[in-house]
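These notes are about the structure you will find just below.
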């Protein structure tokens, strides 16, 4: 389950042959320009297949209330979050050179102090804050030039809210993602695709926790480069003939330098006119006018209700964990190009239910970027967690016209979700349905449309892409690794990637996004490989 990085593509031809020599050279020129810190321009010819790019933050820091309110933490090797005293982490990512669509964005941290609440991520509208050059470990850090709590808490009341006038106060009304429970020594990843659709520019983010149990993460100053914050972008041109000029800016004279992209591999959405397969549920509008419709992949039910059983294949995370992950797509359709005009779009707003925040943000982005003259447009899939019970997907009552509610219902899990290891009825099809279909073969990862890293794990293709097939990762290839070695799980690159038993040059542990595989799921794959990796025979 490896994927190519931009740096790999710059150093060797793609196995998929989708990248031309011209774009390879351009990628190399871009990397050299970044490494040298010089102003340069690179022309990249877009292809229908997306490329991947990994970025470390150009700046990060933490601010703290109380004793450390006036201290600069910009050079600390950790980012810290806590409720009391309040500690908030800040990160800044430079996407000003990324002038092609962001198909997917994943932010990964390495946890150095666990907590039941690792924090939620919020946008910061002004990215001109200064990183600083002190560690925040003593009062001498007060002399540093970096962002401090006192710069944010302008009214001095000990908290950050709408009464503070600093442009660097995060927008706490708009949560982009939640890190959830974080564990010492483990990476944690969140999807920020919808948050990075503002075009080529610098983005600032803040992390705030609601727990008094302190959490921390390796910063960009961390000693181990593989543990530093990493923003993984899957980027793609809008057509195979698009040519994009990427300009690398002059480095600024600050206490930090702009880092080159890392070589760690990992797997924004582009609007489309292709409607998703399955039932389309009308949320607003009439036939012949502008309509808003919704599709929930794999979920089904009568009328205005769609259901999924926790842990079944319709559940995007595949785990019987008390919630169902729904893959939701919204589309606008009109009888003519003018049907979905600005006046109509202005009154189409999703419910303010905080559980719909990510979907609402993506929908607002779709409205803002709806192509002129388009009569139909669909946004990318948004993964929406639905706790046990019912989540109403509906619009606010703005303006006139019919509104309908689509209820998403997550039913309790079945008694069993993986066949018992009896050796009689479990086959490779079990792995395909219970693991690959729900976890790996997604539209932007290892599904047939993306085949990240040249690996297609969609039903009907996965077996032929795994068994006795060389790994595409260059470092793994050099060692002669095969994705699956029949009879030998420990020599199978697939199994080692799932366990995380790989070198830094061989990519990262999979799955990249979402929950790791359970012990039962890992054992299922291990037993299949150990039994000789049969295609149809039970094991």
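Numbering (the numbering used here), first residue to last: 4 to 542. Backbone N, C-alpha and C fix where the C-beta goes; we use that ideal spot for every residue, glycine too.
For residue i, I'd like the list of residues in its chain whose CB is within less than 7 Å of its CB, leaving aside the five on either flank, ordered along the chain.
i: residue 155; result: 66, 163, 167, 169, 171 and 172
i: residue 443; result: 4, 449, 460 and 514
i: residue 189; result: 114
i: residue 183; result: 121
i: residue 99; result: 203, 204, 205 and 252
i: residue 498; result: 492, 528, 529 and 532
i: residue 466; result: 431 and 538
By Cβ distance, which residues of its chain are closer than 8 Å to residue i, with the 5 residues on each side in sequence left out?
i: residue 316; result: 301, 436, 437, 440 and 441
i: residue 364; result: 177, 179, 197 and 198
i: residue 374; result: 274 and 380
i: residue 409; result: 284, 286, 297, 299, 307, 308, 309, 395, 396 and 397
i: residue 419; result: A caution first: residue 419 carries a pLDDT of 49, below 50, which makes its placement in the model too unreliable to give a value.
i: residue 521; result: 322
By DSSP's criteria, residue i is part of a beta bridge. Which residues make up the other side?
i: residue 327; result: 389
i: residue 308; result: 410
i: residue 444; result: In the DSSP output, where bridge partners are listed per residue, residue 444 has none listed.
i: residue 81; result: 221
i: residue 336; result: 294 and 379
i: residue 237; result: 55 and 107
i: residue 572; result: Not covered by the structure: residue 572. The range shown for the chain is 4 to 542.
i: residue 487; result: 470
i: residue 180; result: 124
I'd like to check one pair, residue j with residue i: are the Cβ atoms closer than 7 Å?
i: residue 86; j: residue 186; result: no
i: residue 285; j: residue 294; result: yes
i: residue 360; j: residue 222; result: no
i: residue 157; j: residue 72; result: no
i: residue 205; j: residue 103; result: no
i: residue 362; j: residue 387; result: yes
i: residue 77; j: residue 149; result: yes
i: residue 473; j: residue 533; result: no
i: residue 502; j: residue 486; result: no
i: residue 212; j: residue 111; result: no
i: residue 181; j: residue 116; result: no
i: residue 75; j: residue 144; result: yes
i: residue 548; j: residue 109; result: Not covered by the structure: residue 548. The range shown for the chain is 4 to 542.
i: residue 401; j: residue 347; result: no
i: residue 413; j: residue 526; result: no
i: residue 62; j: residue 139; result: no
Would residue i be called buried (16 or more neighbouring beta carbons within 10 Å of its own) or exposed?
i: residue 445; result: buried
i: residue 230; result: buried
i: residue 399; result: exposed
i: residue 506; result: exposed
i: residue 134; result: buried
i: residue 528; result: buried
i: residue 475; result: buried
i: residue 200; result: buried
i: residue 370; result: buried
i: residue 288; result: buried
i: residue 403; result: exposed
i: residue 329; result: buried
i: residue 455; result: buried
i: residue 118; result: buried
i: residue 147; result: buried
In chain order, what residues of the same chain lie with their CB nearer than 6 Å to the CB of residue i, ignoring the 5 residues before and after it?
i: residue 535; result: 489 and 490
i: residue 379; result: 276 and 336
i: residue 479; result: 496 and 509
i: residue 390; result: 326
i: residue 210; result: 84, 92, 122 and 124
i: residue 130; result: 95, 205 and 207
i: residue 283; result: 296 and 298
i: residue 89; result: 68
i: residue 242; result: Residue placement at residue 242 is poorly supported in this model, since its pLDDT is 37, which falls under 50; the coordinates are not used for a value here.
i: residue 385; result: 331, 361, 362 and 365
Could you give the first and the last residue of the continuous alpha helix (DSSP H) run that contains residue i?
i: residue 146; result: Where residue 146 is concerned, there is no enclosing alpha helix (DSSP H), given that its DSSP letter is neither H nor E.
i: residue 434; result: 431 to 434
i: residue 95; result: Here residue 95 belongs to no alpha helix (DSSP H); instead the beta strand (DSSP E) covers 90 to 97.
i: residue 559; result: For the chain, the structure presents residues 4 to 542; residue 559 sits outside this window and is missing.
i: residue 370; result: 360 to 371
i: residue 2; result: The requested residue 2 does not occur in the structure, where the chain is confined to residues 4 to 542.
i: residue 348; result: 345 to 348
i: residue 156; result: Careful: residue 156 lies outside any alpha helix (DSSP H) and carries neither H nor E.
i: residue 478; result: 477 to 481
i: residue 162; result: Counting along the chain, residue 162 falls outside any alpha helix (DSSP H), and DSSP gives it neither H nor E.
i: residue 401; result: Taken as a continuous stretch (DSSP letters only), residue 401 belongs to no alpha helix (DSSP H), as it is neither H nor E.
For the beta strand (DSSP E) containing residue i, list its first residue and its last residue.
i: residue 123; result: 123 to 127
i: residue 211; result: 205 to 211
i: residue 187; result: Premise fails: residue 187 is in no beta strand (DSSP E) and is neither H nor E.
i: residue 287; result: 284 to 287
So, does the CB of residue i fall closer than 7 Å to a CB anywhere in chain B?
i: residue 73; result: Here there is only one protein chain, and chain B is not present.
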